[in-house]
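Here the structure is laid out as structure tokens; the discussion comes afterwards.
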Amino acid sequence: MNWKIYLSGEIHTNWREEIEQQIQSLDLPIETYAPVTDHASSDDCGVSILGAEDDKFWHDNKGAKVNAIRTRTLIEKSDIVVVCFGEKYKQWNAAFDAGYASALGKSLIIMHGPDHQHALKEVDAAALAVTRTPDEVVKVLRYVINGEL
Numbered sequence: 008m009n010w011k012i013y014l015s016g017e018i019h020t021n022w023r024e025e026i027e028q029q030i031q032s033l034d035l036p037i038e039t040y041a042p043v044t045d046h047a048s049s050d051d052c053g054v055s056i057l058g059a060e061d062d063k064f065w066h067d068n069k070g071a072k073v074n075a076i077r078t079r080t081l082i083e084k085s086d087i088v089v090v091c092f093g094e095k096y097k098q099w100n101a102a103f104d105a106g107y108a109s110a111l112g113k114s115l116i117i118m119h120g121p122d123h124q125h126a127l128k129e130v131d132a133a134a135l136a137v138t139r140t141p142d143e144v145v146k147v148l149r150y151v152i153n154g155e156l
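Numbering (our numbering) for the sequence shown: 8 to 156.
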């Protein structure tokens, strides 16, 4: 079986690349998906494609909806959703993705540092694994897929 994993959340660090490199080095049968991680493209896709907006609300609304086509499709297609909450920014979109995936019955792996433990307690409660590092995520995936520690 080729597993499909959606990597949601924080876009300012290289956690996705770390996970993808480890997946490749372990030769795990995983295909990864992700949102558009170029911040400017993600923010401006709606107005770039559908036309400018004078009001920032409508600018953001267009972008959010266009991005949602990708996000919803790839989460629905995935077997497992990994959601990373970074240190620096509030990732409301990541929390939304976690809730959406949970509502669809997807297996959730959450990754965040100890300083987010209280704020994310409900998200963590919906997860099947709560991790702190990309290495822990890959160890969970390796165990789930191959039954190897």
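Glycine is no exception: its CB is placed at the ideal position from the N, C-alpha and C atoms.
CA-to-CA distance, residue j to residue i, given in whole angstroms
| i | j | result |
| --- | --- | --- |
| ALA101 | LEU115 | 12 Å |
| THR78 | ALA41 | 8 Å |
| LEU148 | HIS46 | 28 Å |
| ILE30 | ASP50 | 29 Å |
| LYS97 | GLY106 | 16 Å |
| ILE26 | VAL145 | 6 Å |
| ARG139 | GLU155 | 20 Å |
| ASP142 | LYS72 | 33 Å |
| LEU81 | ALA132 | 23 Å |
| LEU33 | GLU129 | 32 Å |
| GLY120 | PHE64 | 31 Å |
| VAL151 | LEU35 | 11 Å |
Proximal residues to residue i (C-beta, below 7 Å), its chain only, five neighbours per side dropped
| i | result |
| --- | --- |
| LYS69 | GLY53, VAL54, LEU57, GLU60 |
| HIS123 | PHE92 |
| ARG23 | LEU14, ALA41 |
| SER85 | LYS11, ILE12, TYR13, TYR40, LYS113 |
| VAL137 | ILE117, ASP131 |
Buried versus exposed, by CB contacts within 10 Å (16 or more), residue i
| i | result |
| --- | --- |
| LEU135 | exposed |
| GLY16 | buried |
| ALA126 | exposed |
| LEU111 | exposed |
| SER48 | exposed |
One or two residues paired with residue i in a DSSP bridge
| i | result |
| --- | --- |
| CYS91 | GLY16, MET118 |
| ALA133 | Answer by DSSP bridge pairing: none, since ALA133 is not bridged. |
| TYR40 | TYR13 |
heavy atom of the ligand MN below 8 Å from residue i C-beta
| i | result |
| --- | --- |
| ALA75 | In the structure on display, the ligand MN does not appear, and there are no ligands present to speak of. |
Residues near residue i by beta carbon distance below 6 Å, same chain, minus five either side
| i | result |
| --- | --- |
| ILE87 | ILE12, SER114 |
| THR44 | ILE18 |
| HIS66 | VAL54, GLU60 |
Endpoints, alpha helix (DSSP H) assigned at residue i
| i | result |
| --- | --- |
| THR140 | Neither: THR140 is in no alpha helix (DSSP H) and is coded neither H nor E. |
| TYR107 | 99-110 |
| ASP86 | No alpha helix (DSSP H) holds ASP86; DSSP gives it neither H nor E. |
| HIS123 | First-last for HIS123: undefined, no H or E at that position. |
| ASP50 | 46-57 |
| GLU24 | 22-32 |
Residues of its chain near residue i, where Cβ-Cβ distance is below 8 Å and the 5 sequence neighbours each way are ignored
| i | result |
| --- | --- |
| GLU38 | ASN9, TRP10, LYS11, ILE12 |
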